[in-house]
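*Asks:* Chains as they are written, first to last, in this note's numbering: chain A, 1 to 179; chain B, 180 to 353.
Ideal Cβ placement from N, Cα and C applies to all residues, glycine included.
In this text the structure is predicted, and so the values were computed from the model without any measurement.
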Amino acid sequence: MGGRVTQPRMDRDIPPARHGRGRVALLIGLLLMIPLAALAASAATSVSPDLEDRVREIASELRCVVCQNLSVADSPSELAKEMRNLVRELVQQGKGREEIQAYFQSRYGDFILLEPAKRGFNLLVWCLPFVALLVGACGVYLAARRWTERREEAKPVVDPVYAERVRRELREREGSGRS
Amino acid sequence: MSWKKALIPLACVPVIILLAYGFRSDPRAIPSPLLQKAAPNFRLAVFDGEDMMLDSLKGKPVVLNFWASWCYPACYEEAPLLESAWRKYKEQGLIMVGVAIQDKEANIREFMRRFNFTFPNGPDPGSKISIDYGVYGVPETFFIDRQGRIAYKHVGVLTPALMEVKLQAILRGN
Chain A
1 MGGRVTQPRM DRDIPPARHG RGRVALLIGL LLMIPLAALA ASAATSVSPD
51 LEDRVREIAS ELRCVVCQNL SVADSPSELA KEMRNLVREL VQQGKGREEI
101 QAYFQSRYGD FILLEPAKRG FNLLVWCLPF VALLVGACGV YLAARRWTER
151 REEAKPVVDP VYAERVRREL REREGSGRS
Chain B
180 MSWKKALIPL ACVPVIILLA YGFRSDPRAI PSPLLQKAAP NFRLAVFDGE
230 DMMLDSLKGK PVVLNFWASW CYPACYEEAP LLESAWRKYK EQGLIMVGVA
280 IQDKEANIRE FMRRFNFTFP NGPDPGSKIS IDYGVYGVPE TFFIDRQGRI
330 AYKHVGVLTP ALMEVKLQAI LRGN
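(1) Could you give the first and the last residue of the continuous beta strand (DSSP E) run that contains B/V278?
(2) Relative to chain D, which residues along the segment 61-76 of chain A have a C-beta separation below 7 Å, given in chain order?
(3) For A/F130, which residues in chain B fall below 8 Å Cβ to Cβ?
(4) With a cut-off of 8 Å, do at least 3 Cβ pairs link the segment 326-334 of chain B to the segment 88-99 of chain A?
(5) When Cβ atoms are compared, which residues of the segment 311-325 of chain B fall closer than 9 Å to chain A?
(6) In terms of alpha-carbon separation, which member of B/P339, B/N244 and B/M342 lies closest to B/D303?
(7) Quick one: is B/K283 buried, meaning 16 or more other Cβ sit within 10 Å of its Cβ, or exposed?
(8) Could you spell out where the alpha helix (DSSP H) holding A/A144 opens and where it closes?
(9) Can you tell me the Cβ-Cβ gap for B/A264 and B/L346, rounded? I've got them flagged as a contact below 8 Å.
(10) Roughly how many angstroms separate the alpha carbons of A/R167 and A/V161, rounded to a whole number?
(11) First and last residue of the alpha helix (DSSP H) that includes B/L346?
(12) Please state the DSSP three-state secondary structure of A/Y162.
(13) DSSP three-state call for A/I58: helix, strand or coil?
(14) Alpha carbon to alpha carbon, how far is B/E319 from B/A340? Give it in angstroms, no decimals.
(15) Closer than 7 Å, CB to CB, is A/G120 near chain B or not?
(16) When the Cα of A/R56 is compared with those of A/N122, A/V72, A/V66 and A/V65, which residue comes out closest?
(17) Give the C-beta separation of B/A279 and B/A247 to the nearest angstrom, bearing in mind that I take them to be a contact with Cβ-Cβ under 8 Å.
(18) Given that B/Q215 touches chain A, what residues does it touch there, using C-beta distances under 8 Å?
(19) Examine the Cβ distances between the segment 189-209 of chain B and the segment 82-91 of chain A and report whether three or more of them are shorter than 8 Å.
(20) Please say whether B/V242 and B/F322 have beta carbons closer to each other than 7 Å?
(21) Need the endpoints of the beta strand (DSSP E) that B/G228 sits in, please.
(22) Taking the alpha carbon of B/M275 as the point to measure from, which residue in B/P188, B/Y255, B/F296 and B/F290 has its own alpha carbon closest?
(23) Is the Cβ of A/Y108 closer than 7 Å to any Cβ of chain B?
(24) According to DSSP, simplified to helix, strand and coil, what is A/L113?
(25) Please classify B/P240: is it buried, with 16 or more other beta-carbons within 10 angstroms of its beta-carbon, or exposed?
(26) Just to make sure I have the definition right: I need the residues of chain A whose C-beta is within less than 7 Å of the C-beta of B/S306. Which are they?
(27) Compare the C-beta of B/Q347 against all C-beta atoms of chain A and say whether one is closer than 7 Å.
As structure tokens, this is what we get:
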């Protein structure tokens with residue numbers, strides 16, 4: 001630090017304009033250069049939207065370690081901000097999603113992943129809802145079958161002799177009613 | 180008792196196991212995958228001193244403490260213990276390093292002055308070192324053995340007894 005700084009010698013590099021026309025041309029040239037310089041400056045400072053999308057995509061899969069149920073992408077905390085900056089830096093270095101996730105996992109363990117890895121004990125989280133659904137469906141099916149069976153069992157059994165007598169009396173009543 | 184009646188208490192067993200697992204673990208604690216692994220190297224711009232690199236300290240036991248002046252009261256309670264441990268064991272080769280995170284230089288210097296810190300301390304711009312060590316709060320302390328492995332990590336304020344035990348372990352080299 002603190003080395004020599006060489007300033008460009010403008011008076012030597014640009015020959016002085018001797019005539020009025022030359023001055024006008026120089027002025028026009030300089031004016032034309034202003035938008036070009038502004039364009040170059042904005043290109044150098046602006047952040048590519050693709051890069052930001054990629055950073056957001058990766059950061060949204062990482063858990064903010066100092067928040068409650070917030071991703072690194074959504075958290076306003078200072079640490080999450082620094083993590084986003086680090087993700088951006090790693091993406092700029094050409095690191096992929098898996099590599100970046102693996103880096104954070106190697107520092108914070110599986111906790112850093114908002115979506116738990118599908119292995120080991122974590123498999124329970126993925127399988128248990130489906131197992132519970134299956135067991136529940138089986139339970140409902142068995143219960144429904146038992147209820148229908150009971151209903152059939154509960155049907156009153158009519159003695160065929162009485163049934164025949166009821167039918168006969170009904171016929172007789174209908175016959176007497178017509179006459 | 181028929182097998183159908185036994186089914187109800189049996190179904191409760193996995194639920195009880197799951198609850199026991201859940202209640203046994205501290206939901207706020209993040210277990211570090213770095214334990215017993217090589218401590219990540221870092222370069223720390225030490226205040227009023229030369230840059231320090233962990234790799235250059237191989238063969239020496241290191242206590243790496245993450246703190247902040249805004250971390251009140253935890254860091255304020257722990258600071259005198261760090262300084263006294265450093266003074267007690269520096270002759271035996273102990274290296275104590277402080278990393279101030281997400282802090283302003285003036286506040287860091289004020290904190291160091293207040294607790295008469297004589298061991299090297301430096302800032303962590305961009306929280307690079309903190310993230311590399313999986314730090315999620317302050318104070319956090321890492322005990323690094325002579326082989327450069329993280330022997331123990333403590334989250335929160337260290338007690339004098341725990342500090343002594345863990346220091347002895349890394350000083351002995353086991």
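*Replies:* Looking at the coordinates:
(1) I274 to A279
(2) In the structure shown, chain D cannot be found, because the protein chains are A and B.
(3) In chain order: nothing, as chain B lies at least about 15 Å away.
(4) no
(5) D311, Y312, G313, V314, Y315 and G316
(6) B/N244
(7) exposed
(8) L123 to E153
(9) 6 Å
(10) 10 Å
(11) P339 to R351
(12) helix
(13) helix
(14) 16 Å
(15) no
(16) A/V72
(17) 6 Å
(18) Within 8 Å Cβ-Cβ: nothing; B/Q215 doesn't reach chain A, min ~13 Å.
(19) no
(20) yes
(21) Careful: B/G228 lies outside any beta strand (DSSP E) and carries neither H nor E.
(22) B/F296
(23) yes
(24) strand
(25) buried
(26) L79 and E82
(27) no
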